[in-house]
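**Student:** Residue numbering for the sequence shown follows the numbering used here, beginning at 5 and increasing consecutively.
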Amino acid sequence: MLVVESVRKQFGTLTVLDGVDLAVKPGEVVSILGSSGSGKSTLIRCINGLERLDGGRILIDEFDVSRPRDLAEARKRSATVFQLFNLYPHMTALQNITLAPMEVLKRPKAQAEAEALALLESVGLGNWAGSYPAQLSGGQRQRVGICRALAMQPRYLLLDEVTSALDPEMTAEVLAILATLARDGTTMVFVTHEVEFARRISDRIVFLEHGRLLVDLPTEAFFAPEVGRDHPRVAQFLSKMRKD
């Protein structure tokens with residue numbers, strides 16, 4: 005399991021995460037909602053070890069990301085798709101995807117390339133393997149980013165606002181890929197503002213407010229009227245997002 009226990013994170017005097025608890029089982033899709041500044045992206049960065057914790061701990065299959073000796077093993081089990089792609093501009097799509105499997109997992113080049121080409125084909129980019137990021141659209145770059153994460157064959161896929169930099173058409177392209185992954189049983193922790201999409205693919209919805217986990221419910225229960233009565237802030241958020 006992926007387990008977040010009483011996690012705290014501060015930047016100077018600002019508390020960004022304040023005692024967050026979360027558990028994600030293999031095969032689950034958990035979407036994290038909340039307004040800007042609620043701590044969603046910081047939580048993802050803590051899970052993948054990019055931010056040091058100020059309290060609590062995070063375990064990925066019992067490997068503690070706060071311990072240097074465990075972090076490498078934890079990262080073999082999870083992969084992150086970032087908001088702004090983070091592709092290497094001097095590498096082709098194929099090279100971006102094969103780098104980590106070859107360097108971290110020590111896969112032979114031929115095997116890594118064969119797997120990368122299959123992934124590119126699966127997202128409709130089979131003819132773009134030799135293209136550089138500057139030659140790709142935003143939606144294509146994000147699909148390469150997803151392939152790069154999947155090439156590590158992670159048990160947990162972390163997605164941080166992966167459509168926020170895309171126009172509506174490109175957003176639809178990327179969401180279609182994620183919907184397929186969800187149907188195939190990929191374990192995902194999905195930070196997003198795409199409320200209706202989260203409703204469609206998620207097993208559970210988590211809502212963060214000012215760094216605190218306010219609600220953690222099965223998707224159907226999260227969108228039920230009772231939640232709005234018990235948690236007016238959630239009702240306010242959902243109302244605003246639907247208007248937008």
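Using N, Cα and C, we set each Cβ at its ideal position, and we do this for glycine too.
For Asp65, name the three-state secondary structure that DSSP assigns.
**Tutor:** coil
**Student:** Kindly indicate which residue of Ala76, Gln14, Met95 and Val33 has the alpha-carbon position closest to the one of Ile55.
**Tutor:** Before going on, a small fix: residue 55 reads as Glu here, not Ile. Of the listed residues, the one whose Cα sits closest to Glu55 is Gln14.
**Student:** Just checking my contact of Leu21 with Val11 at CB under 8 Å: how many whole Å lie between their CB atoms?
**Tutor:** 5 Å
**Student:** If I follow the unbroken beta strand (DSSP E) through Gly130, where does it start and stop?
**Tutor:** Boundaries for Gly130: no beta strand (DSSP E) harbours it, and the DSSP string shows neither H nor E there.
**Student:** Could you tell me which of Gly41, Val28, Phe227 and Asn131 sits nearest to Ser82, measuring between CA atoms?
**Tutor:** Val28
**Student:** Quick one, which of Gly31, Ser206 and Leu6 has its alpha-carbon nearest Asp25's?
**Tutor:** Leu6
**Student:** Given a cut-off of 7 Å on the beta-carbon distance, is the pair Leu161 and Ala169 in contact?
**Tutor:** no
**Student:** Excluding sequence positions up to five away, which residues of its chain have a Cβ less than 6 Å from the Cβ of Ala183?
**Tutor:** Ile205
**Student:** Distance, Cα to Cα, Glu173 vs Leu179?
**Tutor:** 10 Å
**Student:** Mind checking which residues open and close the alpha helix (DSSP H) that includes Ala104?
**Tutor:** Ala97 to Glu107
**Student:** Please state whether the Cβ-Cβ distance between Val148 and Ala97 is less than 7 Å.
**Tutor:** yes
**Student:** Going by DSSP in three states, Ser141 sits in which element: helix, strand or coil?
**Tutor:** The three-state secondary structure of Ser141, taken from DSSP, is coil.
**Student:** With DSSP collapsed to three states, give me the class of Gln146.
**Tutor:** helix
**Student:** Between which two residues does the beta strand (DSSP E) containing Arg216 stretch?
**Tutor:** Arg216 to Pro222
**Student:** Report all residues from its chain with a CB closer than 8 Å to the CB of Glu198; omit the five preceding and five following residues, and keep chain order.
**Tutor:** Thr167, Thr175 and Leu179
**Student:** When the Cα atoms are used, what is the spatial distance from Ala120 to Pro30?
**Tutor:** Put simply, the backbone Cα of Ala120 is about 23 Å away from that of Pro30.
**Student:** Measuring only the C-alpha atoms, how far is His214 from Asn131?
**Tutor:** Roughly 44 Å separates the two Cα atoms.
**Student:** Tell me whether Lys2 sits in a helix, a strand or coil according to DSSP, three-state version.
**Tutor:** Since the first residue of the chain shown is 5 and the last is 248, residue 2 is not available in this structure.
**Student:** Taking Cβ positions, are Ile36 and Val219 nearer each other than 7 Å?
**Tutor:** no
**Student:** Report the residue from Leu88, Glu32, Ala186 and Arg71 whose alpha carbon sits nearest the alpha carbon of Gly142.
**Tutor:** Leu88
**Student:** Would you mind stating whether Val33 and Met192 have Cβ atoms separated by less than 7 Å?
**Tutor:** yes
**Student:** Which residues in the same chain have their Cβ closer than 6 Å to the Cβ of Ile48, if we skip the five residues on either side of it in sequence?
**Tutor:** Leu162, Asp164 and Val195
**Student:** Given a cut-off of 7 Å, decide if Ser70 and Arg79 are closer than it, judged by their beta-carbon atoms.
**Tutor:** no
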